[in-house]
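Chemist: No gaps in the numbering here: position 11 of the sequence shown is 11 in our numbering, and each next residue is one more.
Ideal Cβ placement from N, Cα and C applies to all residues, glycine included.
Quick one: this structure, given as structure tokens, is what I'll be asking you about.
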Amino acid sequence: MTTALNRHREGEIRAARGTRLTAKSWMTEAPLRMLMNNLDPQVAENPT
Numbered sequence: 001m002t003t004a005l006n007r008h009r010e011g012e013i014r015a016a017r018g019t020r021l022t023a024k025s026w027m028t029e030a031p032l033r034m035l036m037n038n039l040d041p042q043v044a045e046n047p048t
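Here's what the structure looks like:
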């Protein structure tokens, strides 16, 4: 029998700031930051 792993990260998601890369290149860093900005409560807009 296998057990389900909890793959959800605890805590808040924060968008990267500055020039330090979290991905392998700027070509992948740009879309990653756009997605992370939508999840970051300090940056995201309320659509209502």
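Sorted by chain position, which residues of the same chain lie with C-beta nearer than 6 Å to Q42's C-beta, five sequence neighbours on each side aside?
Modeler: No residues qualify anywhere along the chain.
Chemist: Expressed to the nearest angstrom, what Euclidean distance is found between the alpha-carbon atoms of P31 and L39?
Modeler: Distance between the alpha carbons of P31 and L39: 13 Å.
Chemist: Helix, strand or coil: how does DSSP classify A30 here?
Modeler: In this structure, A30 counts as helix in the three-state DSSP scheme.
Chemist: Measure the Cβ-Cβ separation of E12 and T22 and say whether it is below 8 Å.
Modeler: No.
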